[in-house]
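Protein chains: 2
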Amino acid sequence: MNFQERKKKILTALDQADSLSVFELAEILEASPATIRRDLGDIAEEGLLVRTHGGAMRIENPVLTGFSEKSAVNNPVKEQIAEKAASYVQDGDIIFLDCGSTVFQMCRFLKKKSIRVITNSLPVLAELIDVPSIQINLIGGELDKTRKAIHGDKAVQHINGYHAHKAFIGVDGLSVENGLTAHSEHESSITTAFIRNAGQVMLLCDASKIGRDSYVKFAGLSSIHTLITDPGADADKTGALQQQGLRVEIAG
Amino acid sequence: MNFQERKKKILTALDQADSLSVFELAEILEASPATIRRDLGDIAEEGLLVRTHGGAMRIENPVLTGFSEKSAVNNPVKEQIAEKAASYVQDGDIIFLDCGSTVFQMCRFLKKKSIRVITNSLPVLAELIDVPSIQINLIGGELDKTRKAIHGDKAVQHINGYHAHKAFIGVDGLSVENGLTAHSEHESSITTAFIRNAGQVMLLCDASKIGRDSYVKFAGLSSIHTLITDPGADADKTGALQQQGLRVEIAG
DNA sequence: TTAATTTTGATCAAAAATAATCAAAATTGA
DNA sequence: TCAATTTTGATTATTTTTGATCAAAATTAA
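First to last, the protein sequences are chains A and B. Each residue of the first sequence is one higher than the last, beginning at 538 in my numbering. Each residue of the second sequence is one higher than the last, beginning at 538 in my numbering.
Next up, the structure:
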């Protein structure tokens with residue numbers, strides 16, 4: 538059994554029992570206490586459980602978890618991309634973070650940095666609000682309840698009022714032919730604003746989206762500085778993107 | 538049993554019995570008095586209970602966790618004021634809600650209405666995000682982590698971009714002599730913006746704040762349409778306010 | 001007030017849990 | 001396939017937690 542599997546099982550077990558000891562977990566997962574401790578340490582660092590002496594407790598904050606983004610948790614590919622992306626962030630940076638699930642995963646790798654984050658994502662806000670070294674600027678505007686993010690004209694105006702060193706964004710499609718594409722106008726207008734107001738634009742994009750096109754064409758390849766993707770990306774496709782002058786980084 | 542578990546049990550036990558002795562707790566938790574004393578010391582330091590000689594007492598206003606706002610819960614006076622204030626809200630209204638604890642209490646009385654809410658308060662956001670009939674416009678700007686609210690110039694600009702039918706605001710002090718007063722410039726600039734951009738301004742204010750002055754003078758009595766307070770308000774003081782043309786509503 | 005009692009905080013040894021280290025096993029990549 | 005890397009589990013040293021003891025402080029009773 539690998540870490541990802543154990544992580545899932547630990548979190549499931551903790552959902553039922555509020556707290557479990559290292560030994561109880563060792564028995565459930567048929568692993569040694571040493572392994573369980575390592576796992577619990579890692580998972581606690583992600584903020585998905587509370588480590589206690591002798592075991593772990595479920596984390597409970599209904600409101601906060603309401604905003605938390607679970608879709609990318611347990612997705613090792615997105616985690617790798619996020620970690621790579623976070624390595625570009627330095628103390629003192631001002632960064633834009635958009636509301637994609639891969640970008641959200643960056644949060645856990647940003648917690649030790651001293652930065653200013655400008656975001657329209659409520660999960661990002663919830664994740665970083667307790668980090669003293671990070672100042673948050675929340676983008677205002679209409680709340681999109683399903684995406685747990687802010688959008689609309691007012692949000693775009695807000696972004697236009699700032700300049701960031703780096704923007705970390707996601708897209709729904711990326712190809713040589715059509716550049717960056719998105720599902721909706723709302724998303725694309727926000728992303729466009731981020732691109733316009735950032736020194737460097739980092740695109741976080743798993744392999745499945747490369748060479749794929751979505752509905753709204755909103756930016757050319759030249760607006761992106763670096764593409765961060767996973768090792769699963771097709772070499773032909775990434776090669777073609779590189780030929781267009783795009784810098785491609787493979788995470789992991 | 539570890540500290541985290543005991544902490545939880547101690548707080549739960551204190552929620553039921555208002556106060557417990559070290560020995561009662563030692564029996565409940567099956568731990569030694571020495572351990573209980575250490576625990577109580579630690580928990581008291583977090584501000585989650587009051588240490589007494591021989592035991593501990595429940596605290597009224599536990600520290601807020603996450604975005605949830607607990608300070609005004611179980612405060613019948615604030616609830617009454619909030620309910621009265623909410624009765625002024627009609628379907629179709631666009632309203633400003635500020636980040637005070639009494640205003641926050643309005644949320645539970647607003648859930649059945651079809652309205653648009655413009656707010657800088659994260660607790661309000663968290664409380665209303667799951668209500669389908671309510672559209673939320675979040676004010677953007679710098680995040681004040683301790684107040685769990687947005688403030689700053691950008692936030693004021695944001696508010697200036699809208700007009701609402703009604704604004705529901707709180708203050709730290711209210712008197713005939715000094716009008717509305719607040720603890721900080723940040724709060725007052727936001728409140729001023731709400732007042733400027735609302736058709737009607739409703740001030741939610743428990744009796745203790747009437748006749749009291751705080752530090753920043755930011756608006757005159759004439760900027761307020763209606764004061765909603767509780768039956769504990771001094772009749773002389775409310776009378777003086779009424780003589781200045783202020784409409785005073787007593788909740789409950 | 002003083003004396004008796006209770007509670008506390010400090011200290012310490014025992015017990016429990018952890019982190020660190022290292023070799024074996026499993027996985028990965030060439 | 002084999003070498004390199006990662007992961008795992010066992011061992012050991014370190015840290016944390018606990019309960020007992022006891023003097024000092026606080027509270028209560030007289």
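All residues carry an ideal CB built from backbone N, CA and C; glycine is no exception. Values in this document were obtained by computation on a predicted structure and should not be read as measured data.
Pick out whichever of the options has its Cα sitting closest to the Cα of residue i.
i: B:N715; options: B:L758, B:P768, B:T728, B:D681; result: B:L758
i: B:R694; options: B:A704, B:D709, B:I676; result: It should be pointed out that residue 694 of chain B corresponds to Gln in this sequence rather than to Arg. That would be B:I676, whose Cα lies nearest to the Cα of B:Q694.
i: A:A772; options: A:A571, A:A568, A:I787, A:Y625; result: A:I787
i: A:S558; options: B:F560, B:L548, B:M538, B:I580; result: B:M538
i: B:P613; options: B:A593, B:F705, B:S624, B:Q642; result: B:Q642
i: B:D709; options: B:S638, B:T763, B:T656, B:S670; result: B:S638
i: B:A699; options: B:D750, B:T656, B:R749, B:Q617; result: This sequence places Tyr at residue 699 of chain B; Ala is not what is there. Checking every option, the nearest Cα to that of B:Y699 belongs to B:T656.
i: B:K615; options: B:V713, B:G707, B:Q779; result: B:G707
i: B:D767; options: B:F560, B:Q617, B:D555; result: B:Q617
i: A:S712; options: A:E664, A:H688, A:K746, A:P570; result: A:K746
How far does the alpha helix (DSSP H) with residue i in it reach, from first residue to last?
i: A:K691; result: 690–697
i: B:S638; result: 638–642
i: B:K746; result: Per DSSP, B:K746 belongs to no alpha helix (DSSP H) and is neither H nor E.
i: B:A563; result: 559–566
i: A:L778; result: 772–780
i: B:I573; result: 570–583
i: B:K650; result: From DSSP, B:K650 is part of no alpha helix (DSSP H); its letter is neither H nor E.
i: B:Q617; result: 613–623
i: B:A663; result: 659–665
Nearer than 7 Å: is that true of the beta carbon of residue i relative to any heavy atom of the ligand MN?
i: A:A568; result: Within the structure as shown, the ligand MN is missing, as the structure has no ligands at all.
Taking only the alpha-carbon atoms, compute the straight-line gap between residue i and residue j and give it to the nearest angstrom.
i: A:L551; j: A:F731; result: 39 Å
i: A:K754; j: B:I632; result: 36 Å
i: A:P599; j: B:K703; result: Here the model assigns A:P599 a pLDDT of 39, short of 50, so the residue's position is not dependable and the matter cannot be decided.
i: B:D738; j: A:E724; result: In the sequence as presented, Asp is not what sits at residue 738 of chain B; that position holds Val. For B:V738 and A:E724, the distance between alpha carbons rounds to 35 Å.
i: B:G629; j: A:S721; result: 27 Å
i: A:E564; j: A:K546; result: 12 Å
i: B:A581; j: B:R595; result: 10 Å
i: B:V587; j: B:A593; result: 6 Å
i: B:N734; j: A:V640; result: 36 Å
i: B:I673; j: B:G736; result: 19 Å
i: A:S760; j: A:T728; result: 11 Å
i: B:L634; j: B:F646; result: 13 Å
i: B:K544; j: B:I573; result: 10 Å
i: B:S726; j: B:V668; result: 29 Å
i: A:D743; j: A:K691; result: 30 Å
i: A:A756; j: A:L717; result: 5 Å
i: B:A619; j: B:L741; result: 7 Å
i: B:R684; j: B:C636; result: 8 Å
i: A:C644; j: B:Q553; result: 38 Å
i: A:F705; j: A:A622; result: 8 Å
i: B:G591; j: B:R575; result: 13 Å
Bridge partners for residue i per DSSP, in chain order?
i: A:L680; result: A:I687
i: A:F540; result: For A:F540, which the question treats as bridged, DSSP gives no partner whatsoever.
i: B:T766; result: B:I787
i: A:T718; result: A:G710, A:K754
i: B:S725; result: BP columns for B:S725 are empty, so no partner.
i: B:K703; result: B:I632, B:Q737
Please list the terminal residues of the continuous beta strand (DSSP E) segment that includes residue i.
i: B:G736; result: 735–741
i: B:L634; result: 631–634
i: A:L758; result: Counting along the chain, A:L758 falls outside any beta strand (DSSP E), and DSSP gives it neither H nor E.
i: B:V587; result: 586–589
i: A:A593; result: 592–595
i: A:Q672; result: 671–675
Check distances from the C-beta atoms of the segment 628–656 of chain A to those of chain B and list, in chain order, the residues that come in under 8 Å. none
Which of the residues in the segment 563–591 of chain A, read from start to end, lie with their CB under 7 Å from any CB of chain B? V587, T589, H590, G591
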